[in-house]
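Working notes, beginning with the structure itself.
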Amino acid sequence: MQLFPNGTVFSVATAMAAAIAISAISNADPGVATTATPPLDGDICVLQSGWPALNNRVVRALDPTANSFKLDGYDTTSATKFPAGAGVGSFQVASGWVPLSQVTNIGKSGGDQQFAQWQYAEDPTGQQQQRPTFKNAKVITLKLDYDPALAWYDALDKADEAKEAIVLRAALPNGSTLYYLVYPSFDADPSMDLNQNMANTATFSLISKLTRYDAA
1 MQLFPNGTVF SVATAMAAAI AISAISNADP GVATTATPPL DGDICVLQSG
51 WPALNNRVVR ALDPTANSFK LDGYDTTSAT KFPAGAGVGS FQVASGWVPL
101 SQVTNIGKSG GDQQFAQWQY AEDPTGQQQQ RPTFKNAKVI TLKLDYDPAL
151 AWYDALDKAD EAKEAIVLRA ALPNGSTLYY LVYPSFDADP SMDLNQNMAN
201 TATFSLISKL TRYDAA
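Sequential numbering of the sequence shown, starting at 1, is according to our numbering.
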């Protein structure tokens, strides 16, 4: 399958609701969060959890009841990765989505795998070995044609001043959607190159792994 990014619509959430406590998350597929005030079905939430693999992750709420909701797409069955009782935390609902129009370039950098390397003195071949360690921080950079009359200009400027984490959404042309928890940075001062459109640059530093949902 080939899929070009042409037609992708990026948006940012301009509001994050107050954090609501999660008293437990089950070991299930998908995991079920227990809370006194569940989100609405389909709400996009940011999780804070005692489980590092689930902390700072974006999740879509699924099938809420009076005191619980499912973490759409998150398999928490592994008791090793998700120790029972340790997943308590909170969630915040992201809302106020503002589309980013007039995007002329999409850049991604970082994520390079780093390795620990070693060799043994008794190995006559002198062959080094390596195993993966961490990956470099990832950054998404968008270039947008300058237009301060558009809603995204003010939204990104305010996000830059706040320096708080926000959710970035990428709606792909095949109907699937990517969500990123990011720290935003925005240069409200446009570029000024002769014979070229003035432009702004928005930079989004990823805090955690992306969350992907296929088309309904």
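Note that beta-carbon positions come from the ideal geometry of N, C-alpha and C, so glycine has one too.
Between L156 and M16, what straight-line distance do the alpha-carbon atoms span, to the nearest angstrom? In the sequence shown, the residue the question calls residue 156 occupies position 156. In the sequence shown, the residue the question calls residue 16 occupies position 16. So the alpha carbons of these two residues sit roughly 15 Å apart.
Would D75 pass as a contact of A61 if the rule is Cβ separation under 8 Å? By one-based count along the sequence shown, residue 75 stands at place 75. By one-based count along the sequence shown, residue 61 stands at place 61. No; because the gap between Cβ atoms is not below 8 Å, this pair is not in contact.
Do you know offhand how far Q117's Cα is from G111's? For the purposes of this step, residue 117 is identified with residue 117 of the sequence shown, where counting begins at 1. For the purposes of this step, residue 111 is identified with residue 111 of the sequence shown, where counting begins at 1. C-alpha separation (whole angstroms): 19 Å.
In this structure, does DSSP put A24 in helix, strand or coil? The sequence position of residue 24 within the sequence shown is 24, counting from 1. Looking at A24 - three-state DSSP - the assignment turns out to be strand.
Measure the C-alpha to C-alpha separation of A159 and D187 and round it to an integer number of angstroms. Start at 1 with the first residue of the sequence shown, and residue 159 comes out as number 159. Start at 1 with the first residue of the sequence shown, and residue 187 comes out as number 187. Distance between the alpha carbons of A159 and D187 is about 11 Å.
Alpha carbon of L210 to alpha carbon of P124, nearest angstrom: For the purposes of this step, residue 210 is taken as residue 210 along the sequence shown, with counting starting at 1. For the purposes of this step, residue 124 is taken as residue 124 along the sequence shown, with counting starting at 1. Approximately 44 Å between the Cα atoms of the pair.
Thinking C-alpha only, which one of Q119, K135, A137 and K138 is nearest Q129? Walking along the sequence shown from the start, residue 129 turns up at place 129. Among Q119, K135, A137 and K138, the Cα nearest to that of Q129 belongs to Q119.
Own chain, CB closer than 7 Å to I20, minus 5 neighbours either side, in chain order: As a position in the sequence shown, residue 20 is number 20, starting the count at 1. Closer than 7 Å at the Cβ level, and outside the excluded window around I20, lie T35, T37, S90 and F91.
Quick check: V88 and D72, are their CB atoms within less than 8 Å of each other? Numbered from its first residue, the sequence shown carries residue 88 at position 88. Numbered from its first residue, the sequence shown carries residue 72 at position 72. Cβ atoms of V88 and D72: not closer than 8 Å.
At least 3 beta-carbon pairs within less than 8 Å: the region 182–201 vs the region 130–150: yes
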